[in-house]
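Participant:
4 protein chains.
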Amino acid sequence: MIIANQTFTAPVDNQPTTQPVYRVGIFGATGYAGQIAVNLLSHHPNARIAFVTSERAADPGNGDHESLGAIPIYPAADAPLDTIDAAFLCLPNGVSGAVAARAIAAGVRVIDLSADLRLDSAELYKSWYKQDNPAPQLLPAPYGLPEIAGKRAALAGARYVANPGCHVTATLLALYPLAAAHALTADPVIADTKTGVSGAGKTPKLDSMFVEVYGDVKPYNIGHIHRHVPEIEQELHNLQADVGPLIFAPHLIPIDVGLLATVYARLRPGWTLERARELFIEAYQHEPLVDLLPAGQVARIADVAHTNRAVIGLSAGVSSATGDTIIITSAIDNLRKGASSQAVQNFNIMFGLPETTGLL
Amino acid sequence: MIIANQTFTAPVDNQPTTQPVYRVGIFGATGYAGQIAVNLLSHHPNARIAFVTSERAADPGNGDHESLGAIPIYPAADAPLDTIDAAFLCLPNGVSGAVAARAIAAGVRVIDLSADLRLDSAELYKSWYKQDNPAPQLLPAPYGLPEIAGKRAALAGARYVANPGCHVTATLLALYPLAAAHALTADPVIADTKTGVSGAGKTPKLDSMFVEVYGDVKPYNIGHIHRHVPEIEQELHNLQADVGPLIFAPHLIPIDVGLLATVYARLRPGWTLERARELFIEAYQHEPLVDLLPAGQVARIADVAHTNRAVIGLSAGVSSATGDTIIITSAIDNLRKGASSQAVQNFNIMFGLPETTGLL
Amino acid sequence: MIIANQTFTAPVDNQPTTQPVYRVGIFGATGYAGQIAVNLLSHHPNARIAFVTSERAADPGNGDHESLGAIPIYPAADAPLDTIDAAFLCLPNGVSGAVAARAIAAGVRVIDLSADLRLDSAELYKSWYKQDNPAPQLLPAPYGLPEIAGKRAALAGARYVANPGCHVTATLLALYPLAAAHALTADPVIADTKTGVSGAGKTPKLDSMFVEVYGDVKPYNIGHIHRHVPEIEQELHNLQADVGPLIFAPHLIPIDVGLLATVYARLRPGWTLERARELFIEAYQHEPLVDLLPAGQVARIADVAHTNRAVIGLSAGVSSATGDTIIITSAIDNLRKGASSQAVQNFNIMFGLPETTGLL
Amino acid sequence: MIIANQTFTAPVDNQPTTQPVYRVGIFGATGYAGQIAVNLLSHHPNARIAFVTSERAADPGNGDHESLGAIPIYPAADAPLDTIDAAFLCLPNGVSGAVAARAIAAGVRVIDLSADLRLDSAELYKSWYKQDNPAPQLLPAPYGLPEIAGKRAALAGARYVANPGCHVTATLLALYPLAAAHALTADPVIADTKTGVSGAGKTPKLDSMFVEVYGDVKPYNIGHIHRHVPEIEQELHNLQADVGPLIFAPHLIPIDVGLLATVYARLRPGWTLERARELFIEAYQHEPLVDLLPAGQVARIADVAHTNRAVIGLSAGVSSATGDTIIITSAIDNLRKGASSQAVQNFNIMFGLPETTGLL
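Chains as they are written, first to last, in numbering that gives the first Met the number 0: chain G, 0 to 359; chain Y, 0 to 359; chain E, 0 to 359; chain A, 0 to 359.
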């Protein structure tokens, strides 16, 4: 076929769909997470992309808007909220919450991929993000990790959802079955994560340049200082109040997508690797988007890159000789189960659609 | 110039040198570590490469040997030990020790890069390597990590040395100042390492193929099962008898060279990050090949790839809120300070040369 | 869900399908092209994978066969040809043709991804492949590049097809409209191709090791010596008898998948870039799997990696000042439009299915 | 040792040197070429870095300047020209020429790595660079590719030199022996180059971001439109007035450094590959920084990355069946023989030092 324009990756026409079809708007569609959201939703049988927003792609110089293929592009401020049933917000922290509030007021359901709605407390948000929360009236928001007991039910019919980030999703999936069973000691829990460069976003900066990243492995914001720390601790504490502190150490890896969390935790007396494994089987055996590997196998990024699934492995070492340490490896595609495919999963639940629609 | 043959990377002619000049043989010269050893020693002012060995490059079909440029190539079994003062053994475990014993008997000093001489106990070796130690009469061998107190003195004039491996070097440099001061608790010490593919050697196998590694991060032999575990534990226990068990988790990264160890350890009551930092300053301020980063900075592989140095960073998190956990980042080039440049450093010490000769 | 076994990537269950459903066998299913074929066909609404073959995965030691999920694995020699309607042969040259002949004799339609059926002349095959053609009685075979005029019609209902390779597909798509219009001079046509490492196959060898490829760009078999040369020349000569010789220069690039051909050709007097562009529009405007870029844009591998499409760009330089040279950039995923998705496209045509079924 | 500051890579102290020692200033020291120049000159026995300039690293807010280690950093405008004997200009086109003129007026010899002095004609410069040449009074400048006959002599004692760029160096080294012998036809000469991302500079932009480059091969400015075209054509025409036009097609490759030019040219009747090879032997046999490979071998980037040499291979295909096409592969490190080590080579020649001082 003849390609008319390459500046925006034109999605294929929506497939012939079954009823119902919900109209969606994708805000921040030209960022890396936004691009995946556009791709997933353009193939989703129960969604039709009514518009996307992009400050880059839209022409702010006049009131008009450009369109590409059948999909119009607006600046976010001009998006016609009355034409959509649901909004996917792939917008920066501090901006996203305000758009969410506006959309909700217009009767649009919101899947917010920013951090603005993730922390239950606006004070905690301010202390970590160094700015006022733009939508404190929406807190606490339903938290979009449906594999955690109780979350899925809360999402059904919800008007909005705080979609967790990539490090958080991988780390919580690794720890959830243990924390839910109160199997963890009060010792520090260590999450050493390895992440692809797309997690740093699409805005040009030296640290994300090819030459700077190539051949390197670089830790960043390690210890107890990364903004994902309070989010992970919040959810862990909800499950097991006396869990230890989180030591969180992300590492930038020269790959484009993918995230691996290697999580080290200590088990209370009486817990063996085998008993721990039972918890994971119980938690994930019926989850369509979380795969538990056979005993002894480790998760790797190649298992999950460009897929919508998480993969979890349990390893080794639970014995008195090793301090009853369990190692959980947890891998996701940071832009998918760590962002946009999880957003679609939450969309499906909110609208009563089969949970994996458009994802398998 | 006109290149006559490309099958073996011809080293440049030895530089005009100062006396004395020691004749060296490099065994296993076509492997990745061997190639670096050839490169370093061909530029070393006090060394002259008398021969190299390579089962691949040498022709085993006749008694003769091929030569390339000025350097003859032999199969290891035919190497003329009477023509060298020192032997660098870049040979497989189980083979290397026997060659070492033969060379020592011939009056040749030996730098052994294999694991054969690293464990003080032949029994321990057998339990981890599943074979008899080929040279138990040489145990315990001087251990070639000169930055550890006492090791340097033991190396001066030694007839042979066990050169430590890459994971071990990075991990021990991260923990040594703390263990020497008995600052560690009995909790598990966690070393999460990230390593380039050259560490897996040059023998073709599926796991080292480009397509298999590209875009992936893969943990392997995690827990308490990797062969480097007993070596690290041995050296740590020599420094602090009541140190906790080691949890060791290597990860394969899609880069060619470089190794980063992110080490998590807990400090005894009374130790702060500042006090811990004093230990590292004390240990490394006069070390020419170990760089301690400013407070708060992290080591990264880009700092050390293709260099002969180690870089160490101390981070964060020592407080009651984080279980007094310290994070040490330790980076080396796995083929250099993790193998061949460390071997040259040890060679320099053994022969009374300035320690950094040929390395800066 | 609980993963039972990771040695073979289990395809998802076939989707609910529409009639008809053809039973297919995939030979050589564990190679890189084979894996893509398994993936594509496991999602194909009109195909059901009856079995796969793999000398690696199958146990040759006993008469039995292993199975994974619902799909049994056989050694190729034991494959039950009577259970399938079509065979996809991802087998080595020299082996594949014999299997093809056997399958055809059993009434199975064959899509052969090897080179065995591509050259019309068994003598030419022998001179380039240094072995006898294993199935000369099948020559000439219908050639599976349906975008070339006449090929599509010949494939409809064909019993077997020679599926072209990746370099050939990219190069022929770049030159076909020009050759078909007899627009090329008798000067040499130059194809400088850049290809990912998966094109070298999955068998471990030094040249495909991560460390050997990383950071390198390497030409190989350049000039008039690569085995793809006679195949490209055969098809070009069929279109324009007086076309010039092919100069073919492949380069290995450190990426996993993708192929870019940069093709330089000279146009006969009277042909302008604009007129040449009309030929490409005419040839490809209705082709669902070949995209022609806007004037002046170049094809790149990022456009096509992990997709089933080819992308073509026309550039520059047709003037007397530049010797009337046209540059055509042509990009494909070497494992898809260069191998397995093209095989599925041919399968669709042979069986009268819509041509893009399972591919968009 | 203790690292005080990591924002600027501190060079090692200058080696103990032999007389004479020339004081040099490096302008634009924090760019990729500038960093290599700093590294090379800090190890050069006849050079002492008096200062570097960097708009980024210097503090423009006050009149003072920061220093790092022993080397002060200035904004370029404040550089004390009276303290140096030679200036290396790693500055942007359009800026560099003016600094060159100022330095020359101050009695400083200049090695200009920008394009400002490369074209002999200011008019030609303006038509390709779309700006006035900032120093037309310096044209024509001695051209810093000493391997071309006559250039070396012109450089000895020269006050300034136009240092050629990376694509130009690789392409001219590939064609020089043929053009000098008038062996080329008037047909187009095609240079298909593959280059690492560092060639695009250090300024953050989307096209140089890791995620954009990873997994891609992208042609850019192909045809007769890249700014390097007039420079290559100028030098070729000086050698052979009736050489054909240049078709130039650079490709961006996901590696950090290195450049491979695959050059296709046609030989006049009577020239064979063997006779052509004699020309290359004649031209390069005594060149210390250009290596000619054995017959049939191809140059690859792995041969030259992180080295100061060029490698040239001659291949195939000179016969009437292939239009007397010769393929020359020419590889360099784009930041070294394509920029900064060539600048040091020219510095050595200008100051009467052995040409490879500090480079082997």
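From the three backbone atoms N, C-alpha and C, an ideal C-beta is built for every residue, glycine too. Treat the numbers as computed from the prediction; the structure is a model and nothing was measured.
Suppose you measure from the CA of D63 (chain Y) to the CA of A304 (chain G); what does that come to, to the nearest Å?
Facilitator: Here the question's residue 63 (chain Y) lines up with position 64 in the second sequence. Here the question's residue 304 (chain G) lines up with position 305 in the first sequence. With a pLDDT of 41 at D63 (chain Y), under the threshold of 50, the predicted position of this residue should be treated as unreliable, and no value is reported.
Participant: Give, in chain order, every residue of the stretch 115-141 of chain Y whose Cβ lies closer than 9 Å to some Cβ of chain G.
Facilitator: If the cut-off is 9 Å between Cβ atoms, the stretch 115-141 of chain Y has nothing near chain G.
Participant: Just tell me which of A:T52, A:S53, A:S329 and A:W127 has its CA closest to the CA of Y175 (chain A).
Facilitator: In the fourth sequence, residue 175 (chain A) corresponds to position 176, counting from 1. Here the closest residue by C-alpha is A:S329.
Participant: Give me the residue from G:V310, G:V212 and G:I331 with the minimum Cα distance to M0 (chain E).
Facilitator: To locate residue 0 (chain E), count along the third sequence from 1; it is residue 1. The shortest Cα separation from M0 (chain E) among G:V310, G:V212 and G:I331 belongs to G:V310.
Participant: Spatial neighbours of H360 (chain A) within its chain, please: CB distance less than 8 Å, with the 5 preceding and 5 following residues excluded, ordered by chain position.
Facilitator: Here chain A has residues from 0 to 359 only, and residue 360 (chain A) is not among them.
Participant: Expressed to the nearest angstrom, what Euclidean distance is found between the alpha-carbon atoms of G60 (chain A) and V107 (chain A)?
Facilitator: Reading the fourth sequence from its first residue, position 61 is the one you call residue 60 (chain A). Reading the fourth sequence from its first residue, position 108 is the one you call residue 107 (chain A). Only weak support is given to the placement of G60 (chain A): the predicted model assigns it a pLDDT of 47, under 50, and the value that follows is read from those uncertain coordinates. One C-alpha to the other measures close to 27 Å.
Participant: Kindly indicate which residue of Y:T306, Y:G195, Y:A282 and Y:Y219 has the alpha-carbon position closest to the one of P253 (chain G).
Facilitator: Along the first sequence, one-based indexing puts residue 253 (chain G) at 254. When each option's Cα is compared against that of P253 (chain G), the closest is Y:G195.
Participant: Near H227 (chain A), which residues of its chain fall below 7 Å by C-beta distance, leaving aside the five closest residues on each side in sequence?
Facilitator: Residue numbering aside, residue 227 (chain A) sits at position 228 when the fourth sequence is read from its first letter. These residues qualify, in order along the chain: G164, H166, V167 and F247.
Participant: Residues in the same chain with beta-carbon distance under 7 Å from P229 (chain Y), minus the five sequence neighbours each way, listed in chain order, please.
Facilitator: For the purposes of this step, residue 229 (chain Y) is identified with residue 230 of the second sequence, where counting begins at 1. So the list reads L118, L123 and W127, once near-sequence residues are dropped.
Participant: So that I know if they touch, is there some Cβ in chain E lying closer than 7 Å to that of I326 (chain G)?
Facilitator: Counted from its first residue, the first sequence places residue 326 (chain G) at position 327. Chain E contact via Cβ: absent.
Participant: Grab the span of the beta strand (DSSP E) containing V310 (chain E) for me, first residue to last.
Facilitator: Numbered from its first residue, the third sequence carries residue 310 (chain E) at position 311. Residues A309 to S314.
Participant: Measure how close the beta-carbons of N38 (chain G) and N162 (chain G) come, nearest whole angstrom, since I'm counting them as under 8 Å.
Facilitator: Here residue 38 (chain G) refers to the residue found at position 39 when the first sequence is read from its first residue. Here residue 162 (chain G) refers to the residue found at position 163 when the first sequence is read from its first residue. About 17 Å; that fails the 8 Å criterion.
Participant: Within the continuous beta strand (DSSP E) that includes K193 (chain G), where are the two ends?
Facilitator: The residue labelled residue 193 (chain G) in the question sits at position 194 within the first sequence. Where K193 (chain G) is concerned, the enclosing beta strand (DSSP E) stretches over V188 to T194.
Participant: So, is R308 (chain A) buried or exposed, given that buried needs 16 or more other C-beta atoms within 10 angstroms?
Facilitator: As a working note, residue 308 (chain A) is residue 309 in the fourth sequence. Buried is the call here.
Participant: At a Cβ cut of 8 Å, what residues of the stretch 282-295 of chain Y count as close to chain A, listed as they run along the chain?
Facilitator: So the list reads Y283, Q284, H285, E286, P287, V289, D290, L291, L292 and P293, given in the order they occur along the chain.
Participant: Go ahead and label E211 (chain A) buried or exposed: buried means 16 or more other beta carbons lie within 10 angstroms of its beta carbon, across all protein chains shown.
Facilitator: Counting from one through the fourth sequence, the residue named residue 211 (chain A) turns up at place 212. Buried is the call here.
Participant: Against chain G, does V228 (chain Y) count as a neighbour if the rule is that its beta carbon must be under 7 Å from one of theirs?
Facilitator: Position 229 of the second sequence, counting from 1, holds the residue named residue 228 (chain Y). No - not a single Cβ of chain G is within 7 Å of the one on V228 (chain Y).
Participant: Using the Cα positions of S207 (chain Y) and T192 (chain Y), report the straight-line distance between them to the nearest angstrom.
Facilitator: Translated into the one-based positions of the second sequence, residue 207 (chain Y) becomes position 208. Translated into the one-based positions of the second sequence, residue 192 (chain Y) becomes position 193. Distance between the alpha carbons of S207 (chain Y) and T192 (chain Y) is about 18 Å.
Participant: Measuring CB atoms only, is the stretch 230-239 of chain Y touching the stretch 253-266 of chain Y, in the sense that at least three cross pairs come out at less than 8 Å?
Facilitator: Flag = no, the stretch 230-239 of chain Y and the stretch 253-266 of chain Y do not touch.
Participant: Is the distance from the Cβ of D77 (chain G) to the Cβ of G96 (chain G) below 7 Å?
Facilitator: Taking the first sequence and counting its residues from 1, the one referred to as residue 77 (chain G) is at position 78. Taking the first sequence and counting its residues from 1, the one referred to as residue 96 (chain G) is at position 97. No, the Cβ-Cβ distance between D77 (chain G) and G96 (chain G) is not below 7 Å.
Participant: In chain order, what residues of the same chain lie with their CB nearer than 7 Å to the CB of F350 (chain A), ignoring the 5 residues before and after it?
Facilitator: As a working note, residue 350 (chain A) is residue 351 in the fourth sequence. Excluding positions up to five away in sequence, the list reads Y21.
Participant: Which residue comes first and which comes last in the beta strand (DSSP E) that contains H227 (chain A)?
Facilitator: Taking the first residue of the fourth sequence as position 1, residue 227 (chain A) is located at position 228. That residue, H227 (chain A), is in no beta strand (DSSP E); its alpha helix (DSSP H) goes H227 to L238.
Participant: Return no unless some Cβ of chain Y is closer than 7 Å to the Cβ of D332 (chain G).
Facilitator: Counted from its first residue, the first sequence places residue 332 (chain G) at position 333. Answer no: the Cβ-Cβ gap between D332 (chain G) and chain Y never drops below 7 Å.
Participant: What would DSSP say about G164 (chain G), mapped onto helix, strand or coil?
Facilitator: Here residue 164 (chain G) corresponds to residue number 165 of the first sequence, with the count starting at 1. In this structure, G164 (chain G) counts as coil in the three-state DSSP scheme.
Participant: Buried or exposed: which applies to D131 (chain E), given that a residue is buried once 16 or more other Cβ atoms fall within 10 Å of its Cβ?
Facilitator: Within the third sequence, numbered from 1, the residue matching residue 131 (chain E) stands at position 132. Per the 10 Å Cβ criterion, exposed.
Participant: Output the boundary residues of the alpha helix (DSSP H) element that contains L40 (chain G).
Facilitator: Along the first sequence, read from residue 1 onward, the residue named residue 40 (chain G) stands at position 41. First-last of the alpha helix (DSSP H) with L40 (chain G): Y31 to S41.
Participant: With DSSP as the reference, please indicate the residues paired to M208 (chain Y) in a beta bridge.
Facilitator: Start at 1 with the first residue of the second sequence, and residue 208 (chain Y) comes out as number 209. M208 (chain Y) is bridged to E:M208.
Participant: Just checking, does the stretch 273-286 of chain G make contact with the stretch 175-186 of chain G on the three C-beta pairs under 8 Å criterion?
Facilitator: Touching, yes, given that three or more Cβ pairs across the two stretches are closer than 8 Å.
Participant: Mind pulling the beta strand (DSSP E) runs of 3 or more residues that sit fully within the stretch 63-105 of chain A?
Facilitator: DSSP runs (the beta strand (DSSP E)) wholly in the stretch 63-105 of chain A: 70-73 and 85-88.
Participant: Distance check for E146 (chain E) and L431 (chain E), CA to CA, integer angstroms please.
Facilitator: There is no way to answer for residue 431 (chain E), as the model of chain E reaches only from 0 to 359.
Participant: Measuring straight from C-alpha to C-alpha, what distance separates A282 (chain A) and Y213 (chain A)?
Facilitator: Here residue 282 (chain A) is taken as the residue at index 283 of the fourth sequence, counted from 1. Here residue 213 (chain A) is taken as the residue at index 214 of the fourth sequence, counted from 1. Answer to the nearest angstrom: the Cα atoms are 38 Å apart.
Participant: When the cut-off is 7 Å and only beta carbons count, does L358 (chain E) lie next to chain Y?
Facilitator: Within the third sequence, numbered from 1, the residue matching residue 358 (chain E) stands at position 359. No, its Cβ sits nowhere closer than 7 Å to a Cβ of chain Y.
Participant: Output the distance between the C-alpha atoms of I35 (chain E) and I189 (chain A), rounded to the nearest integer angstrom.
Facilitator: Here residue 35 (chain E) is taken as the residue at index 36 of the third sequence, counted from 1. Here residue 189 (chain A) is taken as the residue at index 190 of the fourth sequence, counted from 1. Near 36 Å, if we compare the C-alpha coordinates of I189 (chain A) and I35 (chain E).
Participant: Can you give me the Cβ contacts of D84 (chain A) inside the same chain, cut-off strictly under 6 Å, excluding the 5 residues immediately before and after it?
Facilitator: As a first step, residue 84 (chain A) is located in the fourth sequence; it is residue number 85 there, counting from the start. If we look at D84 (chain A) and ignore the five residues flanking it on each side, its Cβ neighbours are Y21 and R22.
Participant: Measuring only the C-alpha atoms, how far is A298 (chain Y) from L288 (chain Y)?
Facilitator: For the purposes of this step, residue 298 (chain Y) is identified with residue 299 of the second sequence, where counting begins at 1. For the purposes of this step, residue 288 (chain Y) is identified with residue 289 of the second sequence, where counting begins at 1. Approximately 14 Å, taken between the alpha carbons.
Participant: Rounded to the nearest angstrom, how far is the Cβ of A152 (chain G) from that of P135 (chain G), given a contact under 8 Å?
Facilitator: Reading the first sequence from its first residue, position 153 is the one you call residue 152 (chain G). Reading the first sequence from its first residue, position 136 is the one you call residue 135 (chain G). The Cβ separation is near 25 Å, so there is no contact.
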